[in-house]
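Residue numbers (our numbering), protein chains in the order written: chain A, 14 to 95; chain B, -13 to 236.
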Amino acid sequence: MGLELFNTFILLLLVVTALAALRVRDLITAAAVLGVYSFLMCLLWAEMGAVDVAFTEATVGAGISTVVLVATIFNLKRKSND
Amino acid sequence: MKWISLIPVVGVGVLLLFAAQDFPEWGDPQSPASQSPVASHFINNTGVDTEVPNMVTAVLADYRGFDTMFETVVVFIAGIAVLAILKGSGGRRRGTRRAYEVEAEPDIIVTHTVRLMVPVIQIFAFYVLAHGHVSPGGGFQGGVVMGASFILVALAWDLDHALVRMSLPRCMAIAAAGIIIYAGIGFLSMFLGGEFLDYAELEKVLPVSREMARYHAMLGVEIGVGFTVTSIMFALYANLSTEGRLKGGL
């Protein structure tokens, strides 16, 4: 039961962060929110026992892609138009 | 217009949720994936064949080592492509200062924290790489952690500071060396009488049994993967953050 509650909480947070990343105007904030999304995915995978996948998600998804996204956004306009 | 596009999105979402009901229960031993002879073969034989406790690494680096080799090549090609597109393209903007490009001293708190953290991160990267076939981890993860430590240096000071330690030509040389290590182990086992990437044949040059030869060869190819991923991750960041000018920080 506890595990089910934990899963439901993370899945709900996943939906919230995904929507937030779409709605936020500031692209740097959107990149940071996507990092949060990746860490939630990482938690979910670790909880399911796929520790190797969780590790990759934490390093590549939350670490490197956030940095690369931020680095790219610094060379663009910071605000999204839609 | 936005609201019209919502209709197919919701429709497809409902269809997907409907289809997902046919999935087996999570962790169900009777599910088709767990019942297939391939899965049970790996579960029963990995420890006997290769002496590697972490089945994921054994499948990744040994049973489907050919796949992983070309995954590494894909990472390498991606890095080369970014370099080819961005190198020199920033030249037309040279001289004009962007709004965020201000002269600023590196923050003393940030630099000192990074100074303390980078050695720990790098040793952890080596641990992840070298321990990858015993515990979760491996070449890709270790390489990314290692590359992240160089990116951290570039973020805390500026890119020039990191490029002194890891210049771009050196980066590409290390990336190529990684693939040569991987393919070299493959060819070595071929010359010793086996097939390409048939690590068990390495027992003829290593003073160990056939199983342990596969164990050690896996570490060898993981090191190759780690080399490539480390340098490509840093090269990606260095080029993307400066539009290929390789000067200054973010």
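Every residue, glycine too, gets a C-beta built ideally from N, C-alpha and C.
query	result
Sequence-distant residues of its chain with Cβ nearer than 6 Å to THR21 (chain A) (five each side left out)	none
Local Cβ density within 10 Å of LEU18 (chain A), reported as buried at 16 or more and exposed below that	exposed
Helix, strand or coil at ASP146 (chain B) [DSSP, three-state]	helix
First through last residue of the alpha helix (DSSP H) which encompasses LYS(-12) (chain B)	-12 to 6
Beta-carbon proximity list for GLY179 (chain B), same chain, < 7 Å, skipping 5 on both sides	GLU187
Beta-carbon neighbours of GLY210 (chain B), restricted to chain A and to distances below 8 Å	Within chain A, no residue comes near GLY210 (chain B); the closest Cβ sits about 18 Å away, beyond 8 Å.
Residue closest to LEU35 (chain A), alpha-carbon to alpha-carbon, out of A:ASN88, A:LEU47, A:ALA63 and A:GLU70	A:LEU47
Any chain B beta carbon closer than 8 Å to LEU18 (chain A)	no
7 Å CB neighbourhood of VAL104 (chain B) in its chain, flanking five on each side removed	SER135, LEU138 and VAL139
Three-state secondary structure (DSSP) of ASP14 (chain B)	coil
Cβ contact (3+ pairs, closer than 8 Å) linking the stretch 199 to 212 of chain B and the stretch 45 to 56 of chain B	yes
For GLY164 (chain B) and THR245 (chain B), believed in contact at Cβ under 8 Å, the rounded distance	Residue 245 (chain B) lies beyond the residue range present for chain B, which begins at -13 and ends at 236; the question has no answer from this structure.
Cβ shell of MET198 (chain B) (< 7 Å), same chain only, five flanking positions each side left out	GLU37
Interface partners of VAL81 (chain A) on chain B, CB under 7 Å	LEU222, TYR223 and LEU226
Span separating the alpha-carbon of PHE220 (chain B) from that of GLN16 (chain B)	44 Å
With 16 other Cβ atoms within 10 Å as the buried cut-off, status of MET(-13) (chain B)	exposed
Span separating the alpha-carbon of ALA84 (chain A) from that of ALA67 (chain B)	18 Å
Alpha-carbon spacing of ALA25 (chain B) relative to ASP48 (chain B), whole angstroms	15 Å
Status (buried if at least 16 other CB within 10 Å, exposed otherwise) for LEU40 (chain A)	buried
As assigned by DSSP and simplified to three states, the class of ASP39 (chain A)	strand
Straight-line Cα distance separating MET41 (chain B) from TRP143 (chain B)	41 Å
Cα-Cα separation between VAL80 (chain A) and ALA44 (chain A), rounded to whole angstroms	9 Å
Closer than 9 Å at the beta carbon, the chain B residues around VAL77 (chain A)	The question names Val, yet the displayed sequence has Ile at residue 77 (chain A). Simply VAL130, GLY133, ALA134, ILE137, MET219, LEU222 and TYR223.
Under 8 Å by beta carbon: chain B residues contacting VAL64 (chain A)	PRO122
Cβ pair ILE160 (chain B), SER217 (chain B) closer than 8 Å	yes
Selection of the stretch 36 to 56 of chain B by Cβ proximity to chain A, strictly under 8 Å	ASN40, VAL42 and THR43
Limits of the unbroken alpha helix (DSSP H) element including GLU197 (chain B)	196 to 228
Buried or exposed (CB count within 10 angstroms, at least 16 for buried), ASP146 (chain B)	exposed
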